[in-house]
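Please read the structure below before turning to the comments.
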Amino acid sequence: MKLSAAFEMVRLLEVKNENPSTKTFVFEHDLGAKPGQFVMAWIPTVNEKPMSVGGDEGNTFSLTVANVGTFSEAFQKLKPGDRIGVRGPYGRAYQLKGKRVAMVGGGFGSAPLRFLAELARKKAVHVDFIQGARSKDRLILEKDIQKLGCHLHVATNDGSKGKKGMVTDVLAELLKANRYDGVYACGPELMMQAVGKLCEKHATYCEISVERYMKCGFGVCGQCDCGGLLTCVEGTVVDYQKIKDNPDFGRIHRDASGQKHFFK
Amino acid sequence: MATLSTQFLGKKFKNPFVLASGFMGVTGLSMASAAKHGFGAVTIKSLSLQPRKGHPAPVIVEFDRGLINAVGLSNPGVKEGADELALAKKEAGVPVFASVFADTVEHFAEAAKAVSKAKPDFLEIDVSCPNVDNEFGTPFACDPKAAYDVTRAVKKAVPIPLSVKLSPNVPHLGPIARQVEKAGADAINAINTLKGMVIQPEARRPVLTNKFGGISGPALFPVATRCIYEAYQSAKIPIIGTGGVTTGRDAASHLMAGASLVGIGSALHFRGLDAAKTIGKELLEFMELEGYKKVQDMVGLAHEA
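Going line by line, the protein sequences match chains R and P.
1 is the number of the first residue of the first sequence in my numbering; add one for each residue after it.
1001 is the number of the first residue of the second sequence in my numbering; add one for each residue after it.
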């Protein structure tokens, strides 16, 4: 019997370079994940972290990992044949609506959205994919997104590629010119909040991915609470309309102890 | 018509199900959410004088008959924790249990005073966590005299009805239950988790970074039933029976062993976020079928000749 909260040790098959600091890791495992879901990934003796699933091909799944800390550094050192522990998939997936959608990925948020875009394109849904990053070398998966047949719009803060500015600047223009059945965002919380507000102004359905510090990942420990929302099971993907008035959304997150911190 | 509504230490409960400490209870609004999902009372995740990050991950995993955890008593400290308790009091609409732990008798009393400002309905003292021996030494609940001393000190420090959470990691629970009662406890919570270990064979090591952890869920259930039974034999104060309840019949078993209320935690995994509602529905069906009108009618029945 498969236990949903026990680890399975899965073998790394392949590593792909995405940009100087980001790689995609393909594992041999029938995960059965949908876009927006996450796994708890465990590198024995190092740590365990929640990671959003970047793709699921049936017999394999992938995680796109940026080198941002000690855990992701250990990830970068993995070689094909190595095994890690995974449990999941966990969390609410994106609910793809209609025939014309927009996706807004901020930084590494583009990885789970690429997975959603893949599903959308299989269903012949028109996808405007807005990707934002601090600078050109921080962009990920551009070619994969284009290969899927998405219309890619790039925004960088420093203007080194695409439009100089924010993803929301691009979305604002697109929302004026197009009617979308859904807008799907993943990225920093304040960016997603801005995306949600824009969509609300245009009466457009919007889903975002809200996460908090997680320990169990399957809805028992309560560590990932966001103002009464258990983000690991009631999220991470939520309808913007259901989260916009949450007292913690865009304001408060908590650390490993449960102490409060404010978004800047 | 049978009813789940009951009374405990003079307070009304819409049902006997208490959210066990360490489950969902990190924030006030999370406790309020648990109440909305059917819990008759909620307990905050145990608080200490200073904030604690807890043990390094992994801290909780499943095995084939339960969960094992070594979260390591992470908490934001009594100061922020008291604010969360106050929020739970305001928003949950059900009785709220504070929970504290400490390294010394004096610090237990100090922590109890700090959370009493939030005016919780009940105070639980966690003298039985099996995951922090390295820092805290043998839990207070594993020694009758230590259990007496800490209970007495907290009881003197605060006027809130006091429940002492006991440990299954002892040869005999009875003497400890008696000492806790003698020291002035108003109730006993039996039990905390059972110390165990789960190894990931492919990784050739214990899954939890802490190596050891506390077992909860179905594997703990018969151990808890036995401990409740022993506590009921040894003390007259009411018992909160906690440990592995995942069905209505499990809940009935704990009541019959001597519990007046039933703690629920791991069932949130095994039965989902609505576990208290689901188990409540099953318990009510059992009561209708077996002819019990009130929860109280079942308490201690297993002790009758």
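Don't be surprised by glycine CBs; every beta carbon is placed ideally from N, CA and C.
Own chain partners of residue i with C-beta closer than 6 angstroms, once the 5 adjacent residues on each side are dropped
i: R/Gly85; result: Phe7, Met9 and Trp42
i: P/Val1262; result: Pro1016, Phe1017, Gly1241, Val1245, Ala1251 and His1254
i: R/His153; result: Ile130 and Val170
i: P/Gly1022; result: Lys1045
i: P/Lys1089; result: Val1096
i: P/Lys1014; result: Ser1005 and Gly1040
Cβ-based burial, residue i [other Cβ within 10 Å; buried from 16]
i: P/Lys1195; result: buried
i: P/Asn1169; result: buried
i: R/Lys16; result: exposed
i: P/Ile1044; result: buried
i: R/Thr168; result: buried
i: R/Leu190; result: exposed
i: R/Pro80; result: exposed
i: R/Glu207; result: buried
i: R/Ala185; result: buried
i: R/Lys215; result: buried
i: P/Ala1219; result: buried
i: P/Ser1260; result: buried
i: P/Leu1301; result: exposed
Nearest-angstrom Cα separation, counted from residue j out to residue i
i: R/His253; j: R/Val238; result: 17 angstroms
i: R/Ala111; j: R/Leu174; result: 21 angstroms
i: P/Lys1156; j: R/Cys199; result: 57 angstroms
i: P/Lys1293; j: P/Gly1028; result: 33 angstroms
i: P/Leu1235; j: R/Lys49; result: For the sequence presented, residue 1235 of chain P should be read as Ala rather than Leu. Their backbone Cα atoms lie some 45 angstroms apart in a straight line.
i: R/Leu3; j: R/Asn19; result: 35 angstroms
i: P/Thr1247; j: P/Met1298; result: 16 angstroms
i: R/Lys161; j: R/Pro247; result: 36 angstroms
i: P/Phe1039; j: P/Glu1285; result: 18 angstroms
i: P/Ile1176; j: R/Cys221; result: 29 angstroms
i: P/Ala1032; j: R/Thr156; result: 41 angstroms
i: P/Met1001; j: P/Arg1178; result: 37 angstroms
i: R/Gly91; j: R/Cys224; result: 12 angstroms
i: P/Ile1228; j: P/Val1078; result: 29 angstroms
i: P/Gly973; j: R/Met166; result: Not covered by the structure: residue 973 of chain P. The range shown for chain P is 1001 to 1305.
Paired residues, beta bridge with residue i - DSSP
i: R/Leu31; result: Bridge partners of R/Leu31: none, in fact.
i: R/Ala185; result: R/Val104 and R/Ile208
i: P/Gln1007; result: P/Lys1012
i: R/Pro50; result: R/Met40
i: P/Thr1246; result: Looking at the DSSP assignment, P/Thr1246 forms no beta bridge with any residue, so it has no partner.
i: R/His126; result: R/Arg100
Beta-carbon proximity list for residue i, same chain, < 7 angstroms, skipping 5 on both sides
i: P/Phe1140; result: Val1127, Ala1146, Ala1147 and Val1150
i: R/Cys226; result: Val210, Arg212, Asn246, Asp248 and Phe249
i: P/Cys1142; result: Ser1167, Asn1169 and Val1170
i: R/Gln95; result: Glu207
i: P/Val1132; result: Gly1072 and Leu1073
i: P/Leu1273; result: His1037
i: P/Gly1184; result: Thr1151, Arg1152 and Lys1155
Sequence-distant residues of the same chain with beta carbon closer than 8 angstroms to residue i, five excluded per side
i: P/Leu1123; result: Phe1097, Ala1098, Ser1099, Val1100, Ala1112, Val1115, Ser1116, Val1154, Val1158, Ile1160, Pro1161, Leu1162 and Ser1163
Give the residues from the region 204-223 of chain R that approach chain P closer than 7 angstroms (Cβ to any Cβ), ordered along the chain. Hits within the stretch, in order: Lys215, Cys216, Phe218, Gly219, Val220, Cys221, Gly222 and Gln223.
Tell me which residues of the region 42-56 of chain R have at least one Cβ-Cβ distance to chain P shorter than 9 angstroms, keeping chain order. Cβ contacts with chain P come from Trp42, Pro44, Thr45, Asn47, Glu48 and Lys49.
Short-range partners of chain P found in the region 8-23 of chain R, where Cβ spacing is below 7 angstroms: Within the region 8-23 of chain R, the residues whose Cβ lies closer than 7 angstroms to some Cβ of chain P are Met9, listed in chain order.
Scan the region 1188-1209 of chain P for residues whose Cβ lies nearer than 7 angstroms to a Cβ of chain R and list them as they occur along the chain. For the region 1188-1209 of chain P, which is checked against every Cβ of chain R, the residues closer than 7 angstroms are Gln1200, Glu1202, Ala1203, Arg1205 and Val1207.
If the cut-off is 8 angstroms on Cβ atoms, which residues from the region 1249-1267 of chain P count as contacting chain R, listed in chain order? The region 1249-1267 of chain P vs chain R, Cβ under 8 angstroms: Gly1265 and Ser1266.
Against chain C, which members of the region 1048-1064 of chain P pass a CB distance test of less than 8 angstroms? The structure shown contains no chain C; its protein chains are R and P.
Contacting positions in the region 1082-1095 of chain P - beta carbon closer than 7 angstroms to chain R: Those would be none; no residue qualifies.
Determine which residues of the region 1120-1139 of chain P have a Cβ less than 8 angstroms from any Cβ of chain R, and write them out in chain order. Residues: none.
Tell me which residues of the region 71-88 of chain R have at least one Cβ-Cβ distance to chain P shorter than 8 angstroms, keeping chain order. For the region 71-88 of chain R, which is checked against every Cβ of chain P, the residues closer than 8 angstroms are Arg83, Gly85 and Arg87.
Between the region 1003-1032 of chain P and chain R, which residues of the former have CB atoms less than 9 angstroms from a CB of the latter, in chain order? Taking 9 angstroms as the Cβ-Cβ cut-off against chain R, the residues of the region 1003-1032 of chain P that qualify are Gly1022, Phe1023, Met1024, Gly1025, Val1026, Thr1027, Gly1028, Leu1029, Ser1030, Met1031 and Ala1032.
Along the region 1220-1247 of chain P, where does the CB come closer than 9 angstroms to a CB of chain R? Name the residues. Flagged: no residues at all.
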